[in-house]
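J.: This structure is in C-alpha cells; I'll ask about it shortly.
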Amino acid sequence: MRSLKRQGVFCRNCALSVFREMQAETLITGWWGLLSVVITPIVLLTNLGALSGIKRIPAPVAPGWRPPLDPGKPVFQRPEGVAVLIPLGLLGMVVTLVTAVLLGLFPGLSDTGPDLTTGSCARNDGSWTEPDLKTVPCDSGEAQYRVMFPGDHGCEDGDYLASPDDSADGIGRCLRPLR
C-alpha cells in the first residue's frame with residue numbers, strides 16, 4: 045500500500061489532469077492488499093473533496109511558461125474506470141444476494157430444513173437413509189406422518205425417528221405413519 049500526493053501550483057486544466065490520472069490509477073491498483081480493500085473506497089471518496097477544490101480554480105486565460113495539460117477524459121470514461129465497474133458490480137450483486145439470503149428473502153437458499161414440532165405433520169420425499177422431510181398441513185393429502193414427542197422409552201414400534209437437526213430445539217421427533 046502506498047499513498048501519493050502531488051503538490052504544486054496548478055491551473056485548473058493541469059490539476060484536473062493530475063486528479064483524473066491519479067484517481068484512475070487508484071481505481072485499478074488501490075485494491076491489492078488486505079487493508080487496501082477497506083481504505084481505497086475511503087481514499088476515492090476523500091479525493092472528491094480535492095476535485096471540488098479543483099473546480100473552483102479559474103480556467104487559464106493566458107498561457108504560462110508552458111501550455112496547460114489536457115485534462116483528458118473523465119475517470120469513468122477511461123479504460124481504468126470502466127474496468128473497475130465490472131468487479132464492483134459483481135461485488136454489489138454478491139453483497140445483495142448474501143443480504144437477501146440472510147434476511148430470508150429466498151427461503152429455499154437459507155432454509156435449514158423442516159421445523160418439526162409436536163402435533164404437526166410431515167412428508168418424506170426421500171428415503172429413510174437420506175430423508176427429505178417437509179412439514180405439510182395435517183389436513184392435506186400430502187401428510188404422511190404425525191410428528192410426536194418421543195416418550196421416556198423413545199418412539200413406539202412402527203414410528204420413524206427424525207434427526208435432531210430437523211427440529212428447532214434439537215430434539216429428534218418420532219414420525220408416526222398416518223396410514
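Per my numbering: the sequence shown = residues 45 to 223. Glycine is no exception: its CB is placed at the ideal position from the N, C-alpha and C atoms.
1. Hey, which unbroken runs of the beta strand (DSSP E) at 3 residues or more fall wholly within the stretch 80–111?
2. Is DSSP giving A166 helix, strand or coil here?
3. Under 8 angstroms between the Cβ atoms of L113 and S47?
4. Which first and last residues belong to the alpha helix (DSSP H) in which C182 is found?
5. Within 10 angstroms of its Cβ, does L147 collect 16 or more other Cβ (buried), or is it exposed?
6. Considering just the uninterrupted stretch of the alpha helix (DSSP H) at C218, what are its terminal residues?
7. As a quick exercise: from R190, P158, D183, G185, pick the residue whose alpha carbon is nearest that of P175.
8. Take the Cβ of G74 as the centre, count every other Cβ of all protein chains shown within 10 Å, and call the residue buried at 16 or more, exposed below.
9. In the DSSP assignment, find the unbroken alpha helix (DSSP H) run with M66 in it and report its ends.
10. Using CA coordinates, which residue listed in L95, E69, I98, M137 is at the minimum distance from V126?
11. What is the DSSP secondary structure of Q51, counted as helix, strand or coil?
T.: Quick look at the numbers:
1. none
2. Looking up residue 166 in the sequence shown gives position 122. A166: strand per DSSP, three-state reduction.
3. Stepping through the sequence shown from its first residue, residue 113 is reached at position 69. Stepping through the sequence shown from its first residue, residue 47 is reached at position 3. The answer is no: Cβ separation not under 8 angstroms.
4. As a working mapping, residue 182 is identified with position 138 in the sequence shown. That residue, C182, is in no alpha helix (DSSP H); it is neither H nor E in DSSP.
5. Taking the first residue of the sequence shown as 1, we reach residue 147 at position 103. Per the 10 Å Cβ criterion, exposed.
6. Counted from its first residue, the sequence shown places residue 218 at position 174. Element bounds for C218: not the alpha helix (DSSP H) but the beta strand (DSSP E), 218–221.
7. Here residue 175 is taken as the residue at index 131 of the sequence shown, counted from 1. If we check each option's Cα against that of P175, P158 comes out closest.
8. Within the sequence shown, the letter at position 30 stands for residue 74. Answer is buried; the Cβ neighbour count reaches 16.
9. What you label residue 66 is simply residue 22 of the sequence shown in a count that begins at 1. Where M66 is concerned, the enclosing alpha helix (DSSP H) stretches over 56–73.
10. Position 82 of the sequence shown, counted from the start, is the residue given in the question as residue 126. With distances taken between Cα atoms, V126 lies closest to E69.
11. Here residue 51 refers to the residue found at position 7 when the sequence shown is read from its first residue. Coil at Q51, not helix or strand.
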